[in-house]
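Participant: For the first sequence, position 62 matches number 62 in the numbering used here, and the numbering has no gaps at all.
Structure incoming, see below.
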Amino acid sequence: MYIIIALLIFAPISGEISMLKRTHTCGELNKSHKGKTVVLNGWVNKRRDHGGVIFIDLRDRYGITQVVFNPEINKFVYEQAKSLRSEFVIGVKGQVALRPEDAINPQMATGEIEIYVSELEIFNPAKTTPFEIEDNLEVNEELRLTYRYLDLRRPKLQNKLITRSKAYRIIRNHLSENDFVEIETPVLMKSTPEGARDFLVPSRNYPGRFYALPQSPQTYKQLLMVAGFDRYFQIVKCFRDEDLRKDRQPEFTQIDMEMSFVNEDDVIDTASQLTAKVFSEIMDINIPLPFPRMKYKDAYEQYGTDKPDLRFEMKITQLNSIFENTEFNVFKSVLEAQGNIAALVVPQGALLKRNRIDRLVERSKELGAKGLAYFKYQNKEFAAGIAKFISDEEKKQLTEQLALKEDDLILIVADTYQITFPVLGQLRLELAEELELIDREAYRFVWIVDFPLLEFSEEENRYVARHHPFTSPKPEQIDLLDSEPENVTARAYDLVLNGSEIAGGSIRIHNRELQKKLFKALKISDEEAESKFGFLMKALEYGAPPHGGIAFGLDRLLMILTGSESIRDVIAFPKTTSALSLMDNAPSEVSEEQLNELRIRVF
RNA sequence: GGUCCGGUAGUUCAAUUUGGUUAGAGCACCUGCCUGUCACGCAGGAAGUUGCGAGUUCGAGUCUCGUCCGGACCGCCA
Numbered sequence: 001m002y003i004i005i006a007l008l009i010f011a012p013i014s015g016e017i018s019m020l021k022r023t024h025t026c027g028e029l030n031k032s033h034k035g036k037t038v039v040l041n042g043w044v045n046k047r048r049d050h051g052g053v054i055f056i057d058l059r060d061r062y063g064i065t066q067v068v069f070n071p072e073i074n075k076f077v078y079e080q081a082k083s084l085r086s087e088f089v090i091g092v093k094g095q096v097a098l099r100p101e102d103a104i105n106p107q108m109a110t111g112e113i114e115i116y117v118s119e120l121e122i123f124n125p126a127k128t129t130p131f132e133i134e135d136n137l138e139v140n141e142e143l144r145l146t147y148r149y150l151d152l153r154r155p156k157l158q159n160k161l162i163t164r165s166k167a168y169r170i171i172r173n174h175l176s177e178n179d180f181v182e183i184e185t186p187v188l189m190k191s192t193p194e195g196a197r198d199f200l201v202p203s204r205n206y207p208g209r210f211y212a213l214p215q216s217p218q219t220y221k222q223l224l225m226v227a228g229f230d231r232y233f234q235i236v237k238c239f240r241d242e243d244l245r246k247d248r249q250p251e252f253t254q255i256d257m258e259m260s261f262v263n264e265d266d267v268i269d270t271a272s273q274l275t276a277k278v279f280s281e282i283m284d285i286n287i288p289l290p291f292p293r294m295k296y297k298d299a300y301e302q303y304g305t306d307k308p309d310l311r312f313e314m315k316i317t318q319l320n321s322i323f324e325n326t327e328f329n330v331f332k333s334v335l336e337a338q339g340n341i342a343a344l345v346v347p348q349g350a351l352l353k354r355n356r357i358d359r360l361v362e363r364s365k366e367l368g369a370k371g372l373a374y375f376k377y378q379n380k381e382f383a384a385g386i387a388k389f390i391s392d393e394e395k396k397q398l399t400e401q402l403a404l405k406e407d408d409l410i411l412i413v414a415d416t417y418q419i420t421f422p423v424l425g426q427l428r429l430e431l432a433e434e435l436e437l438i439d440r441e442a443y444r445f446v447w448i449v450d451f452p453l454l455e456f457s458e459e460e461n462r463y464v465a466r467h468h469p470f471t472s473p474k475p476e477q478i479d480l481l482d483s484e485p486e487n488v489t490a491r492a493y494d495l496v497l498n499g500s501e502i503a504g505g506s507i508r509i510h511n512r513e514l515q516k517k518l519f520k521a522l523k524i525s526d527e528e529a530e531s532k533f534g535f536l537m538k539a540l541e542y543g544a545p546p547h548g549g550i551a552f553g554l555d556r557l558l559m560i561l562t563g564s565e566s567i568r569d570v571i572a573f574p575k576t577t578s579a580l581s582l583m584d585n586a587p588s589e590v591s592e593e594q595l596n597e598l599r600i601r602v603f
């Protein structure tokens with residue numbers, strides 16, 4: 001009885017009864033469907049009105065099909081079609097027909113056929129859009145983000161999100177098949193002191209107290225190991241309230257994994273296999289395993305970074321020994337202060353304009369160096385820049401060690417260890433980009449291992465965890481934690497692809513005493529450790545298995561898989577570099593009532 | 001928090017080194033014509049608070065300052 005009434009009331013409103021429902025998509029019809037009567041639904045991509053005959057390219061996410069309105073087929077429908085404009089949403093019913101020989105469009109997947117329309121339903125008209133819905137459009141990103149739902153109609157962007165969806169599926173299948181259990185962890189959690197700035201969520205029940213959104217589910221996944229889940233994974237949103245970059249958003253997605261009874265090699269193998277699986281299924285590329293490994297120290301001294309781009313050479317060379325007897329005061333004083341002199345050889349760089357070289361000098365200052373020395377190697381001679389300060393013996397050794405070739409430009413930074421290598425590393429990247437030395441087809445993976453566990457923070461005047469405070473030191477170095485903490489190596493590893501860090505993880509501490517020792521090294525007091533991480537410390541006392549894990553930055557991985565310049569292109573609704581959502585205007589002010597309820601006063 | 005680049009019609013851009021008549025063009029849009037186009041074609045038309053606010057000047061799209069927005073970078077991002 002009620003059902004019948006409901007039908008009577010709602011049926012006309014929903015429009016279901018009269019709606020022309022599609023029998024096919026706009027991407028699937030071909031000459032094998034000849035003569036069939038079909039219904040298509042979609043958006044008007046393009047209208048070509050010839051007066052006598054109207055062609056409409058009908059688009060949905062599967063493709064484009066040309067539909068034809070001809071007064072000889074149906075005069076009424078033809079008249080109706082005159083009102084169609086771009087982005088109208090319509091349904092058409094008609095017969096699939098082979099196009100005349102000379103009207104076949106080989107560029108279209110459906111280019112051999114067209115639909116002779118006998119029935120047209122306009123589901124919804126559309127205002128003229130603020131930009132055209134087509135790939136390769138050059139339009140302000142501000143406008144694209146404001147009308148993100150229109151931007152997302154573009155096939156190029158749709159395909160990126162479809163690839164993203166495919167990646168989720170591959171990852172879930174692969175990990176599930178390998179006994180990983182997918183478990184959701186809380187989004188409202190306890191604020192943690194270490195690391196990035198937290199996003200806070202006020203608690204209504206407990207005025208003055210706050211939840212934090214997770215920077216990662218780190219502690220939860222360790223607790224799941226204590227619980228005995230043995231292999232856990234989650235595709236999960238993480239939140240960090242820090243400034244944005246083209247590859248950084250305040251909310252981003254990780255493939256989070258953790259395993260029990262494992263060492264570094266086990267996690268690295270598992271993560272490598274997952275990566276290879278994703279690449280073979282999405283890119284149809286077979287990535288040979290295992291990926292090479294590089295020690296952090298080597299990466300730092302040869303590439304000036306912990307995420308080296310191995311798609312091109314141009315390694316940094318340390319020159320301390322060559323200049324140990326130098327008369328050049330700049331170098332001499334750096335060496336006396338235990339600093340480092342290192343060089344980057346830019347092939348054909350001697351041909352760069354003076355003005356370009358000046359900008360390199362400026363750039364290195366911006367990056368923190370006191371200066372940038374350089375010379376050119378031309379006609380087997382050292383020329384320009386600091387050439388006149390280099391002795392013959394030094395020239396001989398430089399020529400050999402740097403394997404100098406005609407028209408090389410040699411860039412030298414002499415500064416502290418913390419400055420010299422990163423500055424050259426950054427110049428290396430920027431020059432490779434500019435001189436087009438990067439192999440765009442290549443996928444160069446490398447595991448970076450043997451990271452330092454701690455690094456000294458000038459700002460906080462204490463050691464801080466390089467990875468996070470739950471990372472295990474190498475067992476044989478535990479005693480060094482007291483005497484020389486900066487020399488302790490972590491059981492941590494990062495997966496780097498084409499100069500982008502796509503995953504990072506570590507073997508964790510599963511022993512309460514060691515965890516305590518580490519907090520001590522970090523100058524976290526017993527009381528603070530207890531109040532901030534007491535729950536984890538306690539858990540470690542109840543039979544915590546040895547465990548470790550890793551997390552992939554899914555967005556960055558997808559940037560590479562889809563060839564995107566910006567992380568915004570692989571996220572459906574991203575924020576701008578000032579963390580605004582232009583479409584819905586978040587963040588926004590809230591009512592006085594809401595604030596009162598939370599006992600929050602804004603000043 | 002800082003540095004740099006940008007903001008002109010719906011949109012992409014122009015507007016003459018050094019401020020000067022009515023701020024132009026392509027695409028899109030609107031109207032008319034056109035029966036085989038697929039970047040359709042032809043003819044015509046409409047369309048602007050030059051991001052916003054001050055200042056300098058006889059006069060500002062143009063110069064100065066502030067501010068907002070977008071982007072890239074530095075700091076930041078365990």
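Every residue, glycine too, gets a C-beta built ideally from N, C-alpha and C.
In this text, all values refer to a predicted model and were calculated from it rather than measured experimentally.
Specify the secondary structure class of N41 as computed by DSSP and reduced to three states.
Facilitator: Note: N41 maps to strand in three-state DSSP.
Participant: Looking only at its chain, what residues have a beta carbon closer than 8 Å to the beta carbon of D569, apart from the 5 residues adjacent to it on each side?
Facilitator: Hits under 8 Å: L157, K160, M559, T562.
Participant: I'd like to confirm something about K156: is its beta-carbon nearer than 7 Å to some heavy atom of the ligand GDP, or not?
Facilitator: Ligands in the displayed structure: none, and consequently the ligand GDP is not present.
Participant: Measure from the alpha carbon of G499 to the alpha carbon of each residue in K307, A579, Q348, then state which is nearest.
Facilitator: Residue K307 is the option with its Cα nearest to G499.
Participant: Less than 8 Å between the CB atoms is what I'm expecting for S83 and T129, so what's the real figure, rounded?
Facilitator: About 17 Å; that fails the 8 Å criterion.
Participant: Look up E112 in the DSSP assignment and say whether it is helix, strand or coil.
Facilitator: Here E112 sits in coil by DSSP.
Participant: Please classify M314 as buried or exposed, where buried requires at least 16 neighbouring CB atoms within 10 angstroms.
Facilitator: When all chains shown are included, M314 counts as buried.
Participant: Contact between the region 95-110 and the region 538-548: three or more CB pairs below 8 Å?
Facilitator: Because the criterion of three Cβ pairs below 8 Å is not met, the region 95-110 and the region 538-548 do not touch.
Participant: For the beta strand (DSSP E) that R605 lies in, which residues bound it at each end?
Facilitator: What the structure shows of the chain is the stretch from 1 to 603, and residue 605 is not part of that stretch, so it cannot be assessed.
Participant: Identify every residue that forms a DSSP beta bridge with F552.
Facilitator: The partner list for F552 (beta bridge, DSSP) reads I255, A503.
Participant: Assign H547 to one of three DSSP states: helix, strand, or coil.
Facilitator: In the structure shown, H547 sits in a strand (DSSP, three-state: E or B).
Participant: Work out the CA separation of V330 and T576 for me, nearest whole Å.
Facilitator: Those two C-alpha atoms are separated by around 43 Å.
Participant: When you compare only the Cα positions, how much space is there between I235 and R144?
Facilitator: Going by the C-alpha atoms only, they are around 27 Å apart.
Participant: Taking DSSP as the reference, what is the three-state secondary structure of Q348?
Facilitator: Coil at Q348, not helix or strand.
Participant: Nearest-angstrom Cα distance between F239 and L536?
Facilitator: Their Cα atoms are separated by approximately 21 Å.
Participant: Relative to the C-alpha of M294, which residue among A492, I133, L480, I600 is closest?
Facilitator: It is A492.
Participant: Apart from the five residues on each side of it in sequence, which residues of its chain come closer than 7 Å, Cβ to Cβ, to Q477?
Facilitator: Counting only Cβ-Cβ distances below 7 Å, and skipping sequence neighbours, we find V488, T489.
Participant: Taking the C-alpha atoms as reference points, what is the distance between V334 and T326?
Facilitator: Spanning the two alpha carbons is a distance of roughly 11 Å.
Participant: My guess is that I410 and A343 are in contact by the Cβ rule of under 8 Å, so how many angstroms apart are they, rounded?
Facilitator: Rounded, the Cβ-Cβ distance is 5 Å, consistent with contact.
Participant: Give the C-beta separation of R248 and I571 to the nearest angstrom, bearing in mind that I take them to be a contact with Cβ-Cβ under 8 Å.
Facilitator: The Cβ separation is near 11 Å, so there is no contact.
Participant: Got a sec, what are the start and stop residues for the alpha helix (DSSP H) Y463 sits in?
Facilitator: Looking at the DSSP string, Y463 is not in any alpha helix (DSSP H); the run it does join, the beta strand (DSSP E), is 462-465.
Participant: May I have the straight-line CA-CA distance separating Y296 from P452, to the nearest angstrom?
Facilitator: Taking the straight line from one Cα to the other gives about 8 Å.
Participant: Taking a contact to mean a Cβ-Cβ separation below 8 Å, would you say R197 touches E242 in this structure?
Facilitator: Yes. Within cutoff.
Participant: Is the Cβ-Cβ distance between F613 and F291 less than 8 Å?
Facilitator: Since the first residue of the chain shown is 1 and the last is 603, residue 613 is not available in this structure.
Participant: Grab me the residues of T146's own chain with a C-beta within less than 7 Å of its C-beta, minus the 5 sequence neighbours each way, in chain order.
Facilitator: The answer, listed in chain order, is L582, M583.
Participant: Suppose you measure from the CA of F312 to the CA of V423; what does that come to, to the nearest Å?
Facilitator: If you take the alpha carbons of F312 and V423, they lie about 18 Å apart.
Participant: Name the DSSP bridge partner or partners of E455?
Facilitator: Looking at the DSSP assignment, E455 forms a beta bridge with V464.
Participant: Using only CA atoms, which one of E184, F123, D358 lies nearest to M257?
Facilitator: Considering only alpha carbons, the answer is E184.
Participant: Roughly how many angstroms lie between the CA atoms of T270 and I507, to the nearest whole one?
Facilitator: Rounded to whole angstroms, T270 to I507 spans 14 Å at the Cα level.
Participant: So is S165 buried or exposed if we call it buried at 16+ other beta carbons inside 10 Å?
Facilitator: Exposed, by the Cβ-count rule.
Participant: Please report how far the alpha carbon of D102 lies from the alpha carbon of E141, in whole angstroms.
Facilitator: About 40 Å.
Participant: Return the chain-ordered ranges of every alpha helix (DSSP H) run that is complete within the region 394-461 and spans a minimum of 4 residues.
Facilitator: The region 394-461 contains these whole alpha helix (DSSP H) runs: 417-434.
Participant: Exposed or buried, which one is M19 when buried takes at least 16 other CB atoms within 10 Å?
Facilitator: Under this definition M19 is an exposed residue.
Participant: Identify every residue that forms a DSSP beta bridge with G94.
Facilitator: Answer is V38, V117, bridged to G94.
Participant: For I9 and S591, what's the separation of their Cα atoms in angstroms?
Facilitator: Residue confidence for I9 is low, a pLDDT of 42 falling below 50, so the modelled location carries little weight and cannot support an answer.
Participant: Do E281 and I170 have their C-beta atoms closer together than 8 Å?
Facilitator: Yes; because the gap between Cβ atoms is below 8 Å, this pair is in contact.
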